[in-house]
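Enquirer:
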Amino acid sequence: MKEKLKQVSEYVWELDKNVRPKMRVKAKIIASKKVVETIDDAAVEQLTNVACLPGVIEPVVGLPDMHWGYGLPMGAVSAFNAEDGIISAGLCGFDINCGINSIRTNLTYDEAREKIKELIPALFSVVPCGVGSRGKLRLSPNQLDEVLSRGLNWAVENGYGTKNDIEHTEENGCIKGADPSKVSSLAKRRGAPQLGTLGAGNHFLEIQRVTDIFDEETARKWGVVDKDQVLIMIHCGSRGFGHQVATDYLKIQERAVRKYGIWLPDRQLACAPVKSKEGQDYFAAMKCAVNYSFTNRLVMTQWVRETFEKVFGRSWEDMDMQTVYALCHNVVKLEEHTINGERRKVYVHRKGSTRAFPGLPVLIAGTMGTASYILKGTEKAMRETFGSSVHGAGRAMSRHAAIKKYWGEKVKQELTQKGITAKSTHPKILAEEAPQAYKDVEMVIESIHGAGISLKVVRLIPMGVCKG
DNA sequence: ATGTGC
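My numbering puts the first sequence at residues 1300 to 1767.
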């Protein structure tokens, strides 16, 4: 399929809808020539599968971090009309509201470096990591329902974070329309003991330092003022809760596909008509996972603040540990976009894709050994990518291949040589997440900045990291 | 990503 890509400008490649039967619209990929070379054929084919779905709006978009995923690549966005389109549990994926919180400090690199060997183990013991990890919270069923329907409003009322965190979170940390009655009891049972846990895989808690400020005015507005300023990044999702919601509705939507006679090129693209019960129930349940995940990250943010207080002997307010921004990159949203000159409500499916609305922060995580970025969204993203950008560097190698190729202790040593303190539940996690298993984040960022769908504001590099 | 295959 890749050989059918037509380059239409420096950063845009297209797949015409006649490259295979049944495509309703064309697909496009935003990437430099160098990045296109890193994309595997199977992922490109997955983009064309999505272009076959009912009500899909042109174009299906692949982003420069794209790599093969369940049904659709990670690093892709697709939109469907709100009349006869579909809404899909498969297109959103398993880790609903996997996302990132960026928290600033007024600490300098030197101040943090002195304490990093104390800080990382302290954070590691405060924030539960790993698959199946359980948190310190024990939520009753009623409390969990409050989290699911009220998100960060519950968090702040219960001492996790402040109004400022709410104001600096996508959807103000509470997406409207979340309905806990649409969530299975199994999902709730899995979710209740996991609030305030990091999880595993590519999820992390990282201490970072600023290396570059590209847009001083915007950076200052977001509280990033100095090179060598220290920031914190938390990347994780909705844990077993969102995973179970996705699993439940994949089954329901697989049945819906047959019931409504939808032709699918790949059964992993389970979906349901937007106006069907199977479509709207999923939407309402998925939103519960969105609120759960926002809350999960803010709970941990507050524990991180308390840990910094102990290590540095100052209050977190005094250290200016405010949320720069918090957002999700695995989600379905009903948004208004301009389609062929007309304002229309569409169901935007972002899978490994960050919202990039004009002027708003876009948080992009690199790997444990490479840079992360804060960028800002643009008008061009509204026109080109349904207001969306990448989510990270994007894997270049499967988890399985990475575990076979790298050895965790060696990865740790290499990080130490680069001045990065890493701690994980198991060395295997470090092998799985070896920086070499990912694309070069600088190349990915160059593609989105060059394409103009998000513009560089701040570059960060890791000092210390906690992994599942 | 995930009580890490069905």
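Don't be surprised by glycine CBs; every beta carbon is placed ideally from N, CA and C.
Using DSSP with H/G/I as helix, E/B as strand and the rest coil, what is His1366?
Expert: For the purposes of this step, residue 1366 is identified with residue 67 of the first sequence, where counting begins at 1. Correct three-state label for His1366: strand.
Enquirer: I'd like to know if the segment 1378 to 1395 and the segment 1537 to 1546 are in contact, where contact means that at least 3 CB-CB pairs between them fall below 8 Å.
Expert: In short, these stretches touch, since the Cβ pair count reaches three.
Enquirer: Provide the residue span of the beta strand (DSSP E) that contains Ile1328, from first to last.
Expert: Within the first sequence, numbered from 1, the residue matching residue 1328 stands at position 29. Where Ile1328 is concerned, the enclosing beta strand (DSSP E) stretches over Ala1326 to Ile1329.
Enquirer: Look up Trp1706 in the DSSP assignment and say whether it is helix, strand or coil.
Expert: By 1-based counting over the first sequence, the position of residue 1706 is 407. Three-state result, Trp1706: coil.
Enquirer: Counting C-beta neighbours from all protein chains within 10 Å, is the total for Asp1525 16 or more, i.e. buried, or is it exposed?
Expert: Counting from 1 along the first sequence, the entry for residue 1525 is found at position 226. With fewer than 16 Cβ atoms within 10 Å of its Cβ, Asp1525 is classed as exposed.
Enquirer: Quick check: the Cα distance between Leu1422 and Ser1723, rounded to an integer number of angstroms?
Expert: Along the first sequence, read from residue 1 onward, the residue named residue 1422 stands at position 123. Along the first sequence, read from residue 1 onward, the residue named residue 1723 stands at position 424. If I take the Cα positions, the gap works out to 11 Å.
Enquirer: Which residue comes first and which comes last in the beta strand (DSSP E) that contains Lys1644?
Expert: Position 345 of the first sequence, counting from 1, holds the residue named residue 1644. Taken as a continuous stretch (DSSP letters only), the beta strand (DSSP E) holding Lys1644 covers Glu1641 to Lys1650.
Enquirer: One question on the structure: do His1690 and Asp1464 come within less than 9 Å of each other, judged by their Cβ atoms?
Expert: Here the question's residue 1690 lines up with position 391 in the first sequence. Here the question's residue 1464 lines up with position 165 in the first sequence. No, they are not a contact pair.
Enquirer: Which residues does DSSP pair with Phe1423 in a beta bridge?
Expert: Your numbering for residue 1423 matches position 124 in the first sequence. Note: Phe1423 sits in no beta bridge, so no partner.
Enquirer: In whole angstroms, what is the alpha-carbon distance linking Gln1579 and Gln1716?
Expert: In the first sequence, residue 1579 corresponds to position 280, counting from 1. In the first sequence, residue 1716 corresponds to position 417, counting from 1. Their Cα atoms are separated by approximately 51 Å.
Enquirer: How close, in whole Å, do the beta carbons of Gly1693 and Arg1654 come, if the pair is a contact with beta carbons under 8 Å?
Expert: Counting from one through the first sequence, the residue named residue 1693 turns up at place 394. Counting from one through the first sequence, the residue named residue 1654 turns up at place 355. Contact flag wrong, Cβ pair sits at about 18 Å.
Enquirer: What is the DSSP secondary structure of Ala1695, reduced to helix, strand or coil?
Expert: Here residue 1695 corresponds to residue number 396 of the first sequence, with the count starting at 1. Ala1695 falls in the coil class under three-state DSSP.
Enquirer: Compute the distance between the beta-carbons of Asn1348 and Gly1370, then report whether it is under 9 Å.
Expert: Taking the first sequence and counting its residues from 1, one reaches residue 1348 at position 49. Taking the first sequence and counting its residues from 1, one reaches residue 1370 at position 71. In contact: Asn1348 and Gly1370 (Cβ atoms closer than 9 Å).
Enquirer: According to the neighbour-count rule (16 or more other Cβ atoms, all chains shown, within 10 Å of its Cβ), is Val1307 buried or exposed?
Expert: Here residue 1307 corresponds to residue number 8 of the first sequence, with the count starting at 1. It counts as exposed.
Enquirer: Using three-state DSSP, classify Glu1515 as helix, strand or coil.
Expert: Within the first sequence, residue 1515 is the residue found at index 216, counting from 1. Helix, per DSSP.
Enquirer: Determine, using beta carbons only, whether Gly1767 and Val1430 come nearer to each other than 9 Å.
Expert: Numbered from 1 along the first sequence, position 468 holds the residue referred to as residue 1767. Numbered from 1 along the first sequence, position 131 holds the residue referred to as residue 1430. In contact: Gly1767 and Val1430 (Cβ atoms closer than 9 Å).
Enquirer: Roughly how many angstroms lie between the CA atoms of Trp1562 and Ala1569, to the nearest whole one?
Expert: For the purposes of this step, residue 1562 is identified with residue 263 of the first sequence, where counting begins at 1. For the purposes of this step, residue 1569 is identified with residue 270 of the first sequence, where counting begins at 1. Trp1562 and Ala1569: Cα-Cα distance of roughly 10 Å.
Enquirer: Please classify Ser1688: is it buried, with 16 or more other beta-carbons within 10 angstroms of its beta-carbon, or exposed?
Expert: Stepping through the first sequence from its first residue, residue 1688 is reached at position 389. Answer is buried; the Cβ neighbour count reaches 16.
Enquirer: What span of residues does the beta strand (DSSP E) with Cys1428 cover, start to end?
Expert: For the purposes of this step, residue 1428 is identified with residue 129 of the first sequence, where counting begins at 1. From DSSP, Cys1428 is part of no beta strand (DSSP E); its letter is neither H nor E.
Enquirer: Taking the alpha-carbon positions, what's the Glu1683 to Val1343 distance?
Expert: Numbered from 1 along the first sequence, position 384 holds the residue referred to as residue 1683. Numbered from 1 along the first sequence, position 44 holds the residue referred to as residue 1343. So the alpha carbons of these two residues sit roughly 18 Å apart.
Enquirer: Starting from Asn1380, trace the beta strand (DSSP E) both ways and give me its first and last residue.
Expert: Walking along the first sequence from the start, residue 1380 turns up at place 81. Per DSSP, Asn1380 belongs to the beta strand (DSSP E) from Met1373 to Asn1380.
Enquirer: Give a yes or no on whether the C-beta atoms belonging to Leu1447 and Pro1479 are separated by under 9 Å.
Expert: Looking up residue 1447 in the first sequence gives position 148. Looking up residue 1479 in the first sequence gives position 180. Yes; because the gap between Cβ atoms is below 9 Å, this pair is in contact.
Enquirer: If you count every other CB in all the chains shown that lies within 10 Å of the CB of Arg1566, and 16 or more means buried, which is it?
Expert: Sequence index remark: in the first sequence, residue 1566 carries index 267 (1-based). By the neighbour-count rule (16 or more Cβ atoms within 10 Å), Arg1566 is not buried but exposed.
Enquirer: Which first and last residues belong to the beta strand (DSSP E) in which Lys1755 is found?
Expert: Here the question's residue 1755 lines up with position 456 in the first sequence. Element bounds for Lys1755: Ser1753 to Lys1766.
Enquirer: Look at the alpha carbon of Gly1560 and the alpha carbon of Leu1314, and state the distance between them as a whole number of angstroms.
Expert: The count along the first sequence starts at 1 and reaches residue 1560 at position 261. The count along the first sequence starts at 1 and reaches residue 1314 at position 15. Going from the Cα of Gly1560 to the Cα of Leu1314 covers about 27 Å.
Enquirer: Taking only three categories from DSSP, how would you classify Ser1687?
Expert: Counting from one through the first sequence, the residue named residue 1687 turns up at place 388. In the structure shown, Ser1687 sits in a strand (DSSP, three-state: E or B).
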